[in-house]
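Heads up: the sequence shown is residues 1 to 324, going by the working numbering.
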Amino acid sequence: MKAIVLKEYGIPAVLQEQEIDVPVITETQVLVEMYAASINPADSVLRSGAVKDILPVQLPYVLGADLAGVVIEVGSKVTHLKPGDRVMGIPTNNGGAYADYVAMEENALAIIQPGMSFDEAAALPTVGLTAWQSLFRYGKLQPGQRILIHAGAGGVGHIAVQLAKQAGAYVIATAREFNHEFVRQLGADEVIDYTTTDFTKAISSPVDIVLDMVMDRSATVLDAKIGETGRKSYSVLKDGGKLISLVAMAINEHPQIRGIKAQFVHAEPNHDDLVSILQNVHEQKLKVHLSGIFPFTSQGLAEAYRECETNPKRGKVVIQRKQG
């Protein structure tokens, strides 16, 4: 089968097409034919080698944090999926989504509804789980609470804005000026241009939760204790509030200030959470925004990464292998 593999760390052009064996599934696994996959910042960091000493992978390595496709085969202990099911999810084994076929755990998958495209479904798992778990599992977001969501037009951000608003929160988001109308349409009550305005001075009343996904340019994911945006966010939080970071793994070690709890969060594969996210989509309470679709080739994948890394996009960018 075809896969796009990382043979050496570096720029997007290091990604190469290669023929590899179709995975052999275990009794608890599902073999999925990939129709579409998406681009996520964590893959950019892995590919660059920025965290190779902290999070080494065995090269050649298949990147890709999420996908959508069709179940081809199921293990003997798989109970809720069958061949032919349309699914989305997160690969949890040694290898990612940028391959014709991917072996996946049943709990990391959910059935997508009729009418939902594979492109839309592939864009959702990582950003959807990250936003959902940040807001509800760790943030315990309640109706009437105030939340600040940094980078509200991005992948996680544009999902988090919608979910927080649906949960009855007062939503403040940061975004560049040309994204303000987009973020307001998602449901944000206030939008702050972080390029021209100090958000700490623009927020009139303290917030209960801050969701921070802005990484210092000099830092790398997983080793950043806390970036400038995270540090400044303490000043807008209520006593006992929550600072949830998607970029600073060591933030949990930061000394507690005014009872504020700091927590690093990353997407954890969870079937029930995926089902909840898809239910919101089905009820038209949540929509994933696609800003680009690229072909499943080494050139297409490299171009998708270059686009995302040099010109941050609204929502998500998808790699399309097959339509359906």
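Here a beta-carbon is modelled for each residue, glycine too, at the ideal position from N, C-alpha and C.
Can you find the residues in the same chain that come closer than 7 Å, C-beta to C-beta, to residue i, ignoring five residues on each side of it along the sequence?
i       : result
Leu-6   : Val-14, Leu-15, Arg-47, Leu-59, Pro-60, Tyr-61, Leu-63
Val-221 : Summary for Val-221: the model assigns pLDDT 48, below 50, so the residue's position carries little reliability; its value from the coordinates is reported in the next sentence. Cβ within range, chain order: Ala-42, Val-45, Val-51, Met-215, Val-247.
His-365 : Here the chain covers residues 1 to 324 and nothing more, so residue 365 does not appear.
Ser-298 : Ile-4, Leu-15, Gln-16, Glu-17
Tyr-234 : Leu-243, Ile-257, Ile-260
Glu-309 : Ser-44
Ser-218 : For Ser-218, the predicted model reports a pLDDT of 49, less than 50, meaning its position is unreliable and no value from the coordinates is stated.
Ile-209 : Gly-139, Leu-141, Gln-145, Ile-147, Gly-241, Lys-242, Ile-244
Gly-187 : Val-161, Gln-162, Lys-165, Val-171
Phe-264 : Ser-245, Ala-248, Met-249, Ile-251, Asn-252
Tyr-305 : Pro-12, Ile-39, Ser-44
Gly-189 : The residue you asked about is not Gly; residue 189 is Asp in the sequence shown. So the list reads Tyr-170, Val-171, Ile-172, once near-sequence residues are dropped.
Phe-296 : Ile-319, Gln-320, Arg-321
What does DSSP give as the partner residues of residue i in its beta bridges?
i       : result
Ser-295 : Per the sequence shown, residue 295 should be read as Pro rather than Ser. According to DSSP, which records beta bridges pairwise, Pro-295 is partnered with Gln-320.
Ser-38  : Val-318
Val-30  : Val-74, Met-104
Leu-278 : Answer is none; Leu-278 lacks a bridge partner.
Val-62  : Val-5
Val-183 : In the DSSP output, where bridge partners are listed per residue, Val-183 has none listed.
Val-191 : Ala-173
Met-109 : For clarity, residue 109 is Leu in the given sequence; the question names Met instead. Beta-bridge pairing links Leu-109 to Gly-89.
Ile-257 : Ile-260
Ala-99  : Ala-3
For residue i, which of the options has the nearest alpha-carbon?
i       : options                            : result
Leu-286 : Tyr-35, Val-57, Gln-185, Thr-92    : Gln-185
Gln-29  : Met-88, Asn-107, Ile-257           : Asn-107
Val-78  : Tyr-98, Ala-97, Ala-110            : Ala-110
Gln-162 : Gln-145, Trp-132, Ile-319, Phe-178 : Trp-132
Ala-37  : Val-87, Val-191, Thr-229, Val-57   : Val-87
Gly-75  : Thr-26, Gly-95, Phe-178            : Thr-26
Ala-164 : Ile-192, Ser-134, Phe-178          : Ser-134
Leu-274 : Val-57, Leu-124, Gly-49            : Leu-124
Pro-91  : Gly-10, Glu-105, Met-116           : Glu-105
Val-57  : Leu-81, Asn-93, Asp-85             : Asn-93
Ala-103 : Gly-128, Val-171, Val-70           : Val-70
Thr-197 : Phe-182, Ala-188, Arg-176, Val-183 : Arg-176
Phe-118 : Glu-307, Val-288, Tyr-305          : Val-288
Gly-324 : Leu-278, Gly-115, Pro-269, Gln-284 : Gly-115
Gly-315 : Leu-81, Gly-128, Asp-53, His-271   : Gly-128
Thr-270 : Asp-53, Val-191, Arg-137           : Here residue 270 is Asn; the residue named in the question, Thr, does not match the sequence. Of the candidates Asp-53, Val-191, Arg-137, the one whose C-alpha sits nearest the C-alpha of Asn-270 is Arg-137.
His-80  : Val-191, Ile-192, Asp-272          : Asp-272
Could you spell out where the beta strand (DSSP E) holding residue i opens and where it closes?
i       : result
Leu-237 : 237-245
Lys-261 : 261-264
Val-87  : 86-89
Ala-68  : 67-74
Ala-3   : 2-6
Leu-15  : 15-19
Arg-146 : 146-149
Asp-212 : 207-212
Leu-286 : Note, Leu-286: premise wrong, no beta strand (DSSP E); not H, not E.
Spatial neighbours of residue i within its chain, please: C-beta separation below 6 Å, excluding the five flanking residues on both sides.
i       : result
Lys-322 : Tyr-35
Ile-149 : Gly-157, Ala-160, Val-161, Ala-173, Leu-211
Lys-313 : Ser-291
Ala-121 : Ala-68, Met-88, Ile-112
Ile-20  : Ala-3
Gly-95  : Val-62
Tyr-194 : Thr-174
Thr-126 : Asn-40, Ala-65, Asp-66, Ala-267
Asn-179 : Ala-153
Thr-130 : Val-156, Ala-267
Ala-302 : Pro-12, Ala-13, Leu-15
Please go through the same chain and pick out, in chain order, the residues whose beta-carbon is closer than 8 Å to the beta-carbon of residue i, but skip the five residues on each side of it.
i       : result
Tyr-101 : Met-1, Val-22, Pro-23, Leu-31, Val-32, Glu-33, Met-34, Ile-72
Gly-300 : Phe-294, Ile-319
Val-236 : Leu-148, Phe-199, Thr-200, Ile-203, Pro-206, Val-207, Val-210
Which stretch, first to last residue, makes up the alpha helix (DSSP H) that contains residue i?
i       : result
Asp-43  : 41-48
Glu-228 : 228-233
Gly-157 : 155-166
Val-171 : From DSSP, Val-171 is part of no alpha helix (DSSP H) but of the beta strand (DSSP E) over 170-174.
Ala-202 : 199-202
Val-127 : 125-132
Thinking residue i and residue j are a contact (beta carbons under 8 Å), I'd like their distance in whole angstroms, please.
i       : j       : result
Ile-319 : Tyr-98  : 7 Å
Val-232 : Thr-200 : It should be pointed out that residue 232 corresponds to Lys in this sequence rather than to Val. Confirmed, about 5 Å.
Asn-280 : Gln-145 : Not really, about 19 Å apart at Cβ, beyond 8 Å.
Ser-276 : Ala-262 : Between Ala-262 and Ser-276 the Cβ distance is about 25 Å, and since that is not below 8 Å, they are no contact.
Met-213 : Ala-151 : 5 Å
Ile-203 : Gly-230 : Not a contact, Cβ separation roughly 15 Å.
Ala-169 : Pro-206 : Their Cβ separation, rounded to whole angstroms, is 14 Å, which puts Ala-169 and Pro-206 out of contact at 8 Å.
Gly-10  : Gly-49  : 7 Å
Please tell me whether, using a cut-off of 7 Å, the distance from the CB of residue i to the nearest non-hydrogen atom of the ligand FAD is below it.
i       : result
Val-265 : In terms of ligand content, the structure shown is empty, and the ligand FAD therefore cannot be addressed.
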